[in-house]
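Working notes, structure below.
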Amino acid sequence: MKDGNWTADKMPEMNGKVAIVTGANSGIGYETARALAARGAQVVIACRNAEKGATALQKIRVEQPNSLIELMQLDLADLSSIRRFVDEFLGRYDQLHLLINNAGVMAIPEYQKTVDGFEMQFGTNHLGHFALTGLLLETLIRTADACVVTLSSIVHRFGRMDFDNLNAEKSYNPRRSYNVSKLANLLFTYELQRRFEEAGVETISTASHPGWTVTNLQQHSSLLQFLSRLVAMRPEKGALPTLYAATAPGVKGGDYYGPSGLAGMRGYPKQVASSELSHNQVVAERLWNVSEELTGVRYFEEANKSETDHEDDPVRVTDILSGNEVVH
176 MKDGNWTADK
186 MPEMNGKVAI
196 VTGANSGIGY
206 ETARALAARG
216 AQVVIACRNA
226 EKGATALQKI
236 RVEQPNSLIE
246 LMQLDLADLS
256 SIRRFVDEFL
266 GRYDQLHLLI
276 NNAGVMAIPE
286 YQKTVDGFEM
296 QFGTNHLGHF
306 ALTGLLLETL
316 IRTADACVVT
326 LSSIVHRFGR
336 MDFDNLNAEK
346 SYNPRRSYNV
356 SKLANLLFTY
366 ELQRRFEEAG
376 VETISTASHP
386 GWTVTNLQQH
396 SSLLQFLSRL
406 VAMRPEKGAL
416 PTLYAATAPG
426 VKGGDYYGPS
436 GLAGMRGYPK
446 QVASSELSHN
456 QVVAERLWNV
466 SEELTGVRYF
476 EEANKSETDH
486 EDDPVRVTDI
496 LSGNEVVH
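Each residue of the sequence shown is one higher than the one before, starting from 176 at the first, in my numbering.
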């Protein structure tokens, strides 16, 4: 599906809509939040760094004095922070029209773990958003025309799900772990849509990728920074596939959007294809089950739990992962 040279000024009015954008203090997330606020949405920018988030909030408010936008702190590398964020959000809102799973970390040179012991890129980019979405599931389901948009990357095509080394403790390569996390984002997107359809709910799950866009994700690679100056789009254009996936009429659950030109690296948004592996339902279901065990967030069960009942505490990675299968 292609809609010409689609830009943010073609977005529908968003008055009365509530949106969460993770990682909205800079780059694509910031531009996504700014564009949604300009269309009248109530936007929650969910950021790990409160100081940077406050700066982003102030910039939008100066540009758009009448915008409905606020900051809530969220660290996707900490499951307890995710639960606190959700509790705070649900204390203020009873609807959620758009959940934009945008935040991410990329190519961390040295092996790092999240607070809960997960490899940092997989733990933040996939597991953090998996937990966040699951904890907000009840609100998403009861909100008319709700949509979950999860950001992937063109490099998902290089990802392979090695369930015996999902936590990268046996061997760690920064780019490989990032590629795996971006493949996981798409496996999650498509599996979530299947489960929405099986449950008979109208909420949809879509995905996007920004092509090659200048963002803070390139901070760990001097080569990527150099190439970005030659090839990359500005964040306001890199945000367009996400905004399209979230708001354009005719978008369907399971759709994936990215730039239309230069091998998917530049251009206006259009519907794009993803790798064959990203559509593998056996791999997706296995990843889903592992993700529920690791995070302690069980979809459709979570939606029926009280806010204070968190008895399904997350468990250690080594308690869950077993076998030595690499899925190609």
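Quick reminder that beta carbons are idealized off the backbone N, C-alpha and C, glycines included.
For a cut-off of 8 Å, the C-beta gap from VAL465 to PHE338 is around 7 Å, short enough to register as a contact.
Inter-residue distance for VAL261 and GLY292 is about 21 Å (C-alpha atoms, whole angstroms). For GLN446, the enclosing beta strand (DSSP E) has its first and last residue at 441–446.
In this structure, the straight-line span from the alpha carbon of ARG335 to that of VAL355 is close to 6 Å. Assigned with DSSP and collapsed to three states, LYS345 falls in coil, not helix or strand.
Here PRO434 carries a strand assignment [DSSP, helix/strand/coil].
About 7 Å separates the CB atoms of PHE305 and VAL472; that is less than 8 Å, so the two are in contact. Given a length threshold of 3 residues, each whole run of the beta strand (DSSP E) inside the region 191–246 is given here in chain order: 193–197 and 217–222. Under a 10 Å Cβ-count criterion, VAL193 is classified as buried, with 16 or more other Cβ atoms of the shown protein chains found around its own Cβ.
Shown here for GLN239: same chain residues with a beta carbon closer than 8 Å to its own, the five before and five after excluded, namely ARG209, ALA212 and ALA213 in chain order.
With respect to the 8 Å criterion, ALA414 and PRO385 are classified as neighbours on the basis of their beta carbons.
With contacts defined by Cβ atoms closer than 8 Å, ILE257 and LEU315 do not form a contacting pair.
Looking at the backbone, the Cα of MET440 and that of GLU263 are separated by about 37 Å. Annotation for THR318: GLN270, LEU271 and HIS272 place their beta carbon closer than 6 Å to its own, counting only its chain and skipping 5 residues before and after. DSSP places ALA306 in the uninterrupted alpha helix (DSSP H) bounded by 304–310.
Ranked by Cα distance from THR197, the options MET189, ASN224 and GLU344 are led by ASN224. Between the region 408–425 and the region 177–189, the count of Cβ pairs shorter than 8 Å is three or higher; the stretches touch. Linking ALA278 to GLU451 through their CA atoms gives a straight-line distance of about 25 Å.
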